[in-house]
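*Asks:* Chains as they are written, first to last, in this note's numbering: chain B, 1 to 135; chain Y, 136 to 270; chain Z, 271 to 405; chain D, 406 to 540; chain P, 541 to 675; chain G, 676 to 810. From the three backbone atoms N, C-alpha and C, an ideal C-beta is built for every residue, glycine too.
Protein chains: 6
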Amino acid sequence: MRAHLTRRYWFSASHRLHCSTMSPKRNVQTYGKCNNIHGHGHDYFIEVTVVGPVNSETGMICNLADLDTFVNGTVIERFDHENLNMLPEFSEVVPTTENLCVEIFNILNGGFHHAAIEKVRIEETSQNSFEYTGE
Amino acid sequence: MRAHLTRRYWFSASHRLHCSTMSPKRNVQTYGKCNNIHGHGHDYFIEVTVVGPVNSETGMICNLADLDTFVNGTVIERFDHENLNMLPEFSEVVPTTENLCVEIFNILNGGFHHAAIEKVRIEETSQNSFEYTGE
Amino acid sequence: MRAHLTRRYWFSASHRLHCSTMSPKRNVQTYGKCNNIHGHGHDYFIEVTVVGPVNSETGMICNLADLDTFVNGTVIERFDHENLNMLPEFSEVVPTTENLCVEIFNILNGGFHHAAIEKVRIEETSQNSFEYTGE
Amino acid sequence: MRAHLTRRYWFSASHRLHCSTMSPKRNVQTYGKCNNIHGHGHDYFIEVTVVGPVNSETGMICNLADLDTFVNGTVIERFDHENLNMLPEFSEVVPTTENLCVEIFNILNGGFHHAAIEKVRIEETSQNSFEYTGE
Amino acid sequence: MRAHLTRRYWFSASHRLHCSTMSPKRNVQTYGKCNNIHGHGHDYFIEVTVVGPVNSETGMICNLADLDTFVNGTVIERFDHENLNMLPEFSEVVPTTENLCVEIFNILNGGFHHAAIEKVRIEETSQNSFEYTGE
Amino acid sequence: MRAHLTRRYWFSASHRLHCSTMSPKRNVQTYGKCNNIHGHGHDYFIEVTVVGPVNSETGMICNLADLDTFVNGTVIERFDHENLNMLPEFSEVVPTTENLCVEIFNILNGGFHHAAIEKVRIEETSQNSFEYTGE
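1) Have a look at Y:His-216 and B:Thr-74 and give me their C-alpha separation to the nearest angstrom.
2) Looking at the C-beta of P:Thr-609, does it have a partner C-beta in chain G at a distance below 8 Å?
3) Three-state secondary structure (DSSP) at G:Ile-736?
4) Near G:Arg-691, what residues of its chain come up, given a Cβ to Cβ distance below 6 Å and the 5 sequence neighbours on each side ignored?
5) May I ask you to list, following chain order, the residues of the segment 769–797 of chain G that have a beta carbon less than 8 Å from some beta carbon of chain P?
6) Name the DSSP beta bridge partners of G:Gly-716, please?
7) Taking the C-alpha atoms as reference points, what is the distance between Z:Glu-401 and P:Asp-606?
8) Return the bridge partner residues of P:Ala-543 from the DSSP annotation.
9) Give me the DSSP bridge partner(s) of D:Ala-521.
10) If you run the structure through DSSP and keep just helix, strand and coil, what is P:Thr-636?
11) Is Z:Ala-335 near the ligand MG - that is, is its Cβ less than 7 Å away from at least one heavy atom of it?
12) Taking all protein chains shown into account, do 16 or more other C-beta atoms lie within 10 angstroms of the C-beta of Z:Ser-361, making it buried, or fewer, making it exposed?
13) What is the DSSP secondary structure of G:Asn-758, reduced to helix, strand or coil?
14) Residue range of the alpha helix (DSSP H) that Z:Lys-295 falls in?
15) Mind checking if B:Gly-73 is an interface residue toward chain D, Cβ cutoff 8 Å exclusive?
16) I think P:Glu-629 touches P:Glu-643, with their Cβ atoms under 8 Å apart; what is that distance to the nearest whole Å?
17) Quick check on DSSP: helix, strand or coil for Y:Thr-260?
18) Output, in chain order, the set of chain G residues within a Cβ distance shorter than 7 Å of Z:Met-356.
19) Could you name the residues of the same chain whose beta carbon sits closer than 6 Å to that of Y:Thr-184, not counting the 5 residues immediately before and after it, in chain order?
20) Can you have a look at P:Gly-651 and say buried or exposed, based on whether 16 or more other CB atoms are within 10 angstroms of its CB?
21) Can you pull the chain Z neighbours of P:Met-572, defined as C-beta to C-beta under 7 Å?
22) Using the DSSP secondary-structure output, state which residues sit across from Y:Ile-242 in a beta bridge.
23) Spatial neighbours of D:Ala-521 within its chain, please: C-beta separation below 7 Å, excluding the five flanking residues on both sides.
24) B:Glu-57: which of D:Glu-452, D:Ser-428, D:Leu-492, D:Cys-424 sits nearest, CA to CA?
25) Does the beta carbon of G:Met-735 come closer than 8 Å to any beta carbon on chain Z?
26) Between G:Asn-758 and G:Cys-709, what straight-line distance do the alpha-carbon atoms span, to the nearest angstrom?
27) In whole angstroms, what separates the C-alpha of D:Met-406 from that of B:Thr-133?
28) Work out the CA separation of P:Ser-554 and P:Ile-577 for me, nearest whole Å.
29) For B:Asn-106 and D:Phe-416, I'd like the C-alpha separation in whole angstroms.
30) Between G:Thr-800 and the rest of its own chain, which residues show a CB-CB distance below 7 Å, the 5 nearest in sequence each way excluded?
31) Going by C-alpha to C-alpha distance, which of Z:Val-363, Z:Cys-371, Z:His-383 sits closest to Z:Thr-291?
32) To the nearest angstrom, how far is the alpha carbon of G:Leu-739 from that of B:Thr-97?
33) Could you give the distance in angstroms between the alpha-carbon of B:Tyr-44 and the alpha-carbon of P:Leu-640?
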């Protein structure tokens, strides 16, 4: 019996979408208002899904306390109340939510060992969300 | 790296569930109050999911502005504030949300070329939703 | 000790906004797409707030079962899966949500006697809501 | 054409997470506050997804009235306003939401024959959800 | 300039609605399934509203950190993952959400001095909420 | 008959909470992580409530199209995708959500004449909201 557990977290951050290898004009065409020089911000909701067998004794896929400790320590504390453009992860990569999704999946997938990381989903706004599953 | 982008839209419409090849009695058995002669309505929330590689330069699967322009032009403007039963798409097909889902998937899949359409999900009410993936 | 209880209900209905004493042109100016001849629809969420002393024995303002029975019998069954324009209440009054709010407040205020009706709030869509308190 | 229908239900229940084969100390380490002796409770939101071909005449995967009757009769009435630990299903199995998910999936999968049960998803709180697909 | 700040908290608890001065029959008539002997539970969402002048220097009504510290220390830690019926506050008072609302308002109003407590609102379920303002 | 209409808008912006007349140490004590030098951001949901008599002919308090045009032109276009600290409104006032609420109320109250502005409510995050009514 394999089940899935999804846990919801969130952080607030600012970013500016700007690609240094593209012309100013093409940056505006590509990112619109998201290219504004002073940046803007979002409340990012992060849903982490893990998958695995249900332990026959504890009845759990993994301990939520372990997942919370890991996600808070490696993701939320790192990105909360930051300007994403100033972080080393995004020094050469544009901080789109697609790239943020991949970055967070890789952090979790590389370090969390109590269950398999199946998916990271980020709601950038109430109208947009992004998912990455490591494919 | 392939990621998924889901964008949320909505429109208001009315419909009546009635199948012309079934008897009045069987229509009532099948559709209940949804068969009421004067129709009723919903706020339909449409979630369109596209899938594709994350462009290494722009950091995006596709440009949201392109997706919005296409969905608004071909779906939202077509169905918003309409009685679905009066539209040619539903002259011979009952406007259930299952059929609306298939119809919208086919419109998008046939015409949007910036990323692959993976799924159309419609919330008919806060208790019901439907998905179609082209299978 | 006076407290407030708010209970949430919903129904689906269709309507067309059209005022018979105004010209076709002014109807369009006033109601826009909501004036479309075939109508459209909404899922209306109704929040009924009652106010009163907390009974020192039962610990309740009024019995939820009594409120549900009354609201379901006089409001939800009356409006659910109907075209509002076809109902006698709206034969001479335009079925805007403002007017629907007043109509529902008056039904409840006139007939429910287990606690005072303080407010009726209707969410027409996720972006709009209306309130009436009997002023 | 195969489509998916998801229907949302809910019930309120209490539970205590405690495994009789584990020491008191390990119970606290595993379940934290959820091991409190007097129990606590949740509003469980249950989403049932069925999958199947869209009937070419009715335009439906299955009749919602049939699904509601079955789920209400076999699941909601069974668990609503109960202490899960007192039920025979959980006399030897810890009533975690993982195990509740598997239990509900098996009830529906074993008895509902109008469409295939694809997934049961339970929101335990607004921060946690669990899914089981019969794998 | 007086403004209002509302902050949202939540806890999970179980309760049983039972009034010791009423007969078993009247308890069932009054509380229905909520009178079940083994209890049931909810996720209670608590919204605390404070009101006061906006400090011309800090731009704040009061410091959120102060409010969080006080509410978490006096309310959330007290009620979270508890059976409300076992607490001294509810030894002689039925733990309805009306009474819980009054209890929490009084705790906050009596002890928090950085801004005036204007209202406590509790969502018992997604369909019900209660408010108390100290009237 | 006076009714109330609430309309929901939103914009994304970044800000940094920092008061130039306070010491660095007191800024950190007051604003915590919100004082981080690079700023952070939010999706601000703005609810504007107007109040007035229901027009007996149109059935409306005011025309939503008029309200949308005014709010979008004077508020949303002004603040969306901006760093609030760079705007003249916040050159000498800290861009807390309390102050943003007052600022938006004053813009609307001073210029919108189709109905009275009763209240501006801003959700800064899913846990916090602020209201100002012009008191």
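*Replies:* Put simply:
1) 47 Å
2) no
3) coil
4) Gly-714, Asn-760
5) Val-769, Pro-770, Thr-771, Glu-773, Asn-774, Cys-776, Val-777
6) G:Ser-689
7) 34 Å
8) P:Gly-592, G:Tyr-807
9) D:Val-456
10) coil
11) Ligands are entirely absent from the displayed structure, and the ligand MG is therefore not among its contents.
12) exposed
13) strand
14) 294–301
15) no
16) 5 Å
17) strand
18) Those within 7 Å of Z:Met-356 in chain G number zero; the least Cβ separation is about 17 Å.
19) His-139, Thr-141, Glu-253, Lys-254
20) exposed
21) One point to set straight first is that residue 572 of chain P is Gly, not Met, in the sequence displayed. The answer, in chain order, is Ala-335.
22) Per DSSP, none; premise fails for Y:Ile-242.
23) Val-455, Val-456, Gly-457
24) D:Cys-424
25) yes
26) 14 Å
27) 26 Å
28) 12 Å
29) 37 Å
30) His-717
31) Z:Val-363
32) 33 Å
33) 33 Å
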